Amino acid sequence: MPAPISFRGLPKCIIFVAVAGAMAIHSAGQSRPDALTKNGTIAAVKPWIPAKTSWGDPDLQGMWPGTDLLGTPLQRDPKLGTRALLNDAEYAQKEARAKLVGDDAQDLPGNIGSPIWWLERGKPTRQSSLIVEPPDGRIPPLTAEAIKLGEARDAKFHLTYGVERKVHGSNDSWIDDVLALVEPYESNLYDRCISRGVVGSILPGEPGGYNLGNQIIQAPGLVVIRYEMIHETRLIPLDGRTHVGSGVRTYMGDPRGHWEGNTLVVETTNFLGGKLGLLSHGGGTPYSDDLVLTERITRVAANTINYEAIINDPKTYTKPWKIAFPLHRDPNYQMVEYACHEGNYALEDILRGAYAEQTAAESAGKAAK
Amino acid sequence: MRRFDAGCAAFCAGVLLIVLPLSAHHSFAAEFDGKKPVRLEGKVTEMEWINPHAWIHIDVVGPDGKVTNWMVECGPPGILIRRGFNKSSLKAGTEVIAQGYQAKSGSFRANASSITFKDGRRLFVGGSNPDLPENQGKP
Numbered sequence: 185m186p187a188p189i190s191f192r193g194l195p196k197c198i199i200f201v202a203v204a205g206a207m208a209i210h211s212a213g214q215s216r217p218d219a220l221t222k223n224g225t226i227a228a229v230k231p232w233i234p235a236k237t238s239w240g241d242p243d244l245q246g247m248w249p250g251t252d253l254l255g256t257p258l259q260r261d262p263k264l265g266t267r268a269l270l271n272d273a274e275y276a277q278k279e280a281r282a283k284l285v286g287d288d289a290q291d292l293p294g295n296i297g298s299p300i301w302w303l304e305r306g307k308p309t310r311q312s313s314l315i316v317e318p319p320d321g322r323i324p325p326l327t328a329e330a331i332k333l334g335e336a337r338d339a340k341f342h343l344t345y346g347v348e349r350k351v352h353g354s355n356d357s358w359i360d361d362v363l364a365l366v367e368p369y370e371s372n373l374y375d376r377c378i379s380r381g382v383v384g385s386i387l388p389g390e391p392g393g394y395n396l397g398n399q400i401i402q403a404p405g406l407v408v409i410r411y412e413m414i415h416e417t418r419l420i421p422l423d424g425r426t427h428v429g430s431g432v433r434t435y436m437g438d439p440r441g442h443w444e445g446n447t448l449v450v451e452t453t454n455f456l457g458g459k460l461g462l463l464s465h466g467g468g469t470p471y472s473d474d475l476v477l478t479e480r481i482t483r484v485a486a487n488t489i490n491y492e493a494i495i496n497d498p499k500t501y502t503k504p505w506k507i508a509f510p511l512h513r514d515p516n517y518q519m520v521e522y523a524c525h526e527g528n529y530a531l532e533d534i535l536r537g538a539y540a541e542q543t544a545a546e547s548a549g550k551a552a553k
Numbered sequence: 515m516r517r518f519d520a521g522c523a524a525f526c527a528g529v530l531l532i533v534l535p536l537s538a539h540h541s542f543a544a545e546f547d548g549k550k551p552v553r554l555e556g557k558v559t560e561m562e563w564i565n566p567h568a569w570i571h572i573d574v575v576g577p578d579g580k581v582t583n584w585m586v587e588c589g590p591p592g593i594l595i596r597r598g599f600n601k602s603s604l605k606a607g608t609e610v611i612a613q614g615y616q617a618k619s620g621s622f623r624a625n626a627s628s629i630t631f632k633d634g635r636r637l638f639v640g641g642s643n644p645d646l647p648e649n650q651g652k653p
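See below:
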């Protein structure tokens with residue numbers, strides 16, 4: 185029987201197993217033809233002339249959940265080098281894992297977590313990472329400035345709580361091995377149902393995930409994107425207006441859109457730096473005020489859009505990086521209102537739990553004296 | 515063959531141990547205590563259909579006859595819908611057995627690793643959910 189769970193000091197290889205396990209939650213299914221080419225760029229499988237809205241814009245509207253991306257890590261396994269797609273053997277392994285941990289997995293001995301039916305199930309894809317540039321599929325190194333800021337945050341944490349931590353420079357995963365340690369003290373914006381930021385909203389959870397709905401709605405001069413989890417809605421004006429003044433800073437930034445052929449290009453600036461990161465759910469090293477996010481959304485088939493985002497934050501990353509993946513339309517996908525704060529018993533339980541542990545430790549300390 | 519199965523189960527259990535708690539909105543380890551397993555047998559009093567997690571409330575009668583209302587954490591409503599489960603699927607008065615781990619604070623809340631009906635049928639098995647009460651008797 186496995187020992188009670190503790191994430192502190194988990195070796196990285198265990199994290200890889202976790203990611204592999206997340207891949208395994210997928211129900212085995214027919215794979216779609218991947219739109220990702222071997223060099224990591226996205227191309228339409230065949231020429232596609234998208235329908236237009238009644239006012240003449242390319243029609244991107246619909247429900248585009250990211251469920252099929254579950255199990256595709258943000259960063260590529262270094263073993264795969266510059267290979268953007270899994271080969272047949274690796275893909276077969278991914279499918280085999282999906283069969284191994286099937287619907288009945290909830291009865292396996294030693295599962296102290298949630299039942300498998302909590303999780304969404306997508307179709308395994310061949311894409312080896314959501315990051316396609318740089319060619320190794322990995323987040324570029326942090327700048328010296330970003331590392332220094334991270335160290336300062338860790339030092340402040342130590343001073344405030346008397347607990348040592350080293351979060352700086354952590355881009356391995358949202359699932360940090362210090363998460364359990366940090367959470368009672370500083371619940372992040374996601375835990376508190378506040379925001380996941382733009383990139384954190386579109387990425388699937390890593391390793392597992394749920395509530396991955398994305399919806400696009402259009403009106404003349406406007407594109408609206410809704411994200412299910414934390415219920416963010418972005419209103420993207422297309423009328424060529426300038427960005428708001430540099431003093432205005434928000435979690436979701438200030439987006440401006442235009443069409444390049446059939447591609448919607450959205451440039452977002454005016455982010456509030458130092459709060460959210462660019463990993464799933466807004467985790468990871470916080471980005472700076474200078475982040476510029478350039479997204480490109482193209483419908484390449486009736487039921488497929490290609491999504492790309494270039495992340496350029498020279499204060500935080502030594503070079504720009506890009507994520508790209510297809511999203512598949514699911515008209516039957518239903519979003520339930522994500523009124524998260526009211527039902528966020530977890531936060532209360534986490535704080536009470538931390539208090540109970542602290543009180544017990546203090547009592548034990550007194551008894552020892 | 516038996517040996518293979520045991521190894522396979524151990525592998526799966528290991529993977530699940532790491533994966534599933536982390537997939538929640540929050541970290542399992544921060545909210546629940548892996549050293550406090552609970553088995554809750556009782557009648558459903560309410561199902562809270564809320565994000566980020568739905569919660570099932572169960573009245574559990576203790577050995578002393580005292581009734582305690584426990585809350586059991588479930589997945590989010592969106593997922594439950596996609597599993598064919600809805601707000602009114604689990605009626606008040608339904609007898610269930612939930613097994614899981616108690617909140618670290620010692621309050622009457624738990625994360626359920628499995629929920630079964632009294633006769634042993636499991637809740638939410640398979641995509642078509644044949645175990646749901648309204649699906650009984652259907653092919």
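Residue numbers (this note's numbering), protein chains in the order written: chain Y, 185 to 553; chain H, 515 to 653. The beta-carbon is built from N, C-alpha and C at its ideal position, and this holds for glycine as well. Source: prediction; values computed, not measured.
Does the beta-carbon of threonine 543 of chain Y have 16 or more other beta-carbons within 10 angstroms, so that it is buried, or is it exposed? Sequence index remark: in the first sequence, residue 543 of chain Y carries index 359 (1-based). Label assigned to threonine 543 of chain Y: exposed.
Can you confirm whether glycine 286 of chain Y, when its beta carbon is compared against all beta carbons of chain H, has any partner nearer than 7 Å? Along the first sequence, read from residue 1 onward, the residue named residue 286 of chain Y stands at position 102. Reliability fails at glycine 286 of chain Y, whose pLDDT of 48 lies under 50, so the model's placement of it is uncertain and no value is given.
Note down, in chain order, each residue of its chain lying with its Cβ closer than 7 Å to the Cβ of leucine 422 of chain Y, except the 5 sequence neighbours on either side. As a working mapping, residue 422 of chain Y is identified with position 238 in the first sequence. The beta carbon of leucine 422 of chain Y lies closer than 7 Å to those of Gly405, Leu406, Val407, Gly441 and His442 in the same chain, with the five residues before and after it left out.
What's the C-alpha gap between phenylalanine 341 of chain Y and glycine 458 of chain Y? Within the first sequence, the letter at position 157 stands for residue 341 of chain Y. Within the first sequence, the letter at position 274 stands for residue 458 of chain Y. Taking C-alpha positions only, phenylalanine 341 of chain Y is separated from glycine 458 of chain Y by approximately 15 Å.
Whether phenylalanine 455 of chain Y touches glycine 437 of chain Y by CB criterion (7 Å): The residue given as residue 455 of chain Y occupies position 271 in the first sequence. The residue given as residue 437 of chain Y occupies position 253 in the first sequence. For phenylalanine 455 of chain Y and glycine 437 of chain Y, yes; Cβs fall inside 7 Å.
Can you tell me which of the three DSSP states threonine 434 of chain Y falls into? As a first step, residue 434 of chain Y must be located in the first sequence, where it is residue number 250. The answer is strand: DSSP assigns threonine 434 of chain Y an E or B state.
For glutamate 317 of chain Y, three-class secondary structure by DSSP: Within the first sequence, the letter at position 133 stands for residue 317 of chain Y. Strand, per DSSP.
Alpha carbon to alpha carbon, how far is aspartate 533 of chain Y from asparagine 565 of chain H? In the first sequence, counting from the first residue as 1, residue 533 of chain Y sits at position 349. In the second sequence, counting from the first residue as 1, residue 565 of chain H sits at position 51. The alpha-carbon of aspartate 533 of chain Y is positioned some 15 Å away from that of asparagine 565 of chain H.
For aspartate 547 of chain H, which of helix, strand or coil comes out of DSSP? Here residue 547 of chain H refers to the residue found at position 33 when the second sequence is read from its first residue. Shown here, aspartate 547 of chain H sits in a strand according to DSSP, grouped into three states.
Would you say threonine 482 of chain Y touches the ligand MN, meaning its beta carbon is less than 6 Å from a heavy atom? Although the ligand MN was asked about, the structure shown includes no ligands whatsoever.
Three or more beta-carbon pairs under 8 Å between the segment 511-521 of chain Y and the segment 241-258 of chain Y, yes or no? A contact is defined here as three or more CB-CB pairs under 8 Å, and the segment 511-521 of chain Y meets this definition with respect to the segment 241-258 of chain Y.
What first and last residue would you give for the beta strand (DSSP E) that runs through arginine 337 of chain Y? Looking up residue 337 of chain Y in the first sequence gives position 153. For arginine 337 of chain Y, there is no enclosing beta strand (DSSP E); the enclosing alpha helix (DSSP H) has its first and last residue at 328-345.
Tell me whether isoleucine 414 of chain Y is buried or exposed, calling it buried when 16 or more other Cβ atoms sit within 10 Å of its Cβ. Start at 1 with the first residue of the first sequence, and residue 414 of chain Y comes out as number 230. With 16 or more other Cβ atoms within 10 Å, it is buried.
Please say whether leucine 373 of chain Y and glycine 467 of chain Y have beta carbons closer to each other than 7 Å? Start at 1 with the first residue of the first sequence, and residue 467 of chain Y comes out as number 283. Start at 1 with the first residue of the first sequence, and residue 373 of chain Y comes out as number 189. No, they are not a contact pair.
Closest to aspartate 474 of chain Y by C-alpha separation, out of Y/Tyr501, Y/Asn487, Y/Val383 and Y/Tyr345, would be which residue? The residue you call residue 474 of chain Y lines up with position 290 of the first sequence. Per the Cα distances, Y/Tyr501.
Could you check the C-alpha separation between lysine 549 of chain H and alanine 617 of chain H for me, to the nearest Å? Residue numbering aside, residue 549 of chain H sits at position 35 when the second sequence is read from its first letter. Residue numbering aside, residue 617 of chain H sits at position 103 when the second sequence is read from its first letter. Roughly 10 Å between the two C-alpha positions.
Any idea if glycine 424 of chain Y is buried or exposed, counting beta-carbon neighbours within 10 angstroms, 16 or more meaning buried? Against the first sequence, residue 424 of chain Y aligns to sequence position 240. Counting Cβ neighbours within 10 Å, glycine 424 of chain Y comes out exposed, since fewer than 16 surround it.
Partners in chain Y for isoleucine 564 of chain H, counting only beta-carbon separations shorter than 8 Å: As a working mapping, residue 564 of chain H is identified with position 50 in the second sequence. Ala523, Glu526 and Gly527, listed in chain order.
Suppose the cutoff is 6 Å on Cβ atoms and the five residues either side in sequence are ignored; what does the same chain contact list for alanine 403 of chain Y look like? Taking the first residue of the first sequence as position 1, residue 403 of chain Y is located at position 219. In its chain, beyond the 5 residues on either side, no residue has a beta carbon closer than 6 Å to the beta carbon of alanine 403 of chain Y.
Whether valine 610 of chain H touches isoleucine 593 of chain H by CB criterion (7 Å): Start at 1 with the first residue of the second sequence, and residue 610 of chain H comes out as number 96. Start at 1 with the first residue of the second sequence, and residue 593 of chain H comes out as number 79. Taking 7 Å as the Cβ cut-off, valine 610 of chain H and isoleucine 593 of chain H do not qualify as a contacting pair.
Give me the Cα-Cα distance between serine 621 of chain H and leucine 463 of chain Y, rounded to the nearest whole angstrom. Your numbering for residue 621 of chain H matches position 107 in the second sequence. Your numbering for residue 463 of chain Y matches position 279 in the first sequence. Those two C-alpha atoms are separated by around 33 Å.
Can you list, in chain order, the residues of its chain whose CB lies under 6 Å from that of leucine 604 of chain H, leaving out five sequence neighbours each side? In the second sequence, residue 604 of chain H corresponds to position 90, counting from 1. Here the set comprises Val558 and Met561.
Looking at the C-beta of alanine 612 of chain H, does it have a partner C-beta in chain Y at a distance below 7 Å? On the second sequence, residue 612 of chain H is found 98 positions in, with the first residue counted as 1. Chain Y, which has no Cβ nearer than 7 Å to the Cβ of alanine 612 of chain H, makes this no.
Please tell me whether methionine 519 of chain Y and glutamate 416 of chain Y are closer than 7 Å, where the distance is taken between their beta carbons. If you number the first sequence from 1, residue 519 of chain Y lands on position 335. If you number the first sequence from 1, residue 416 of chain Y lands on position 232. Taking 7 Å as the Cβ cut-off, methionine 519 of chain Y and glutamate 416 of chain Y do not qualify as a contacting pair.
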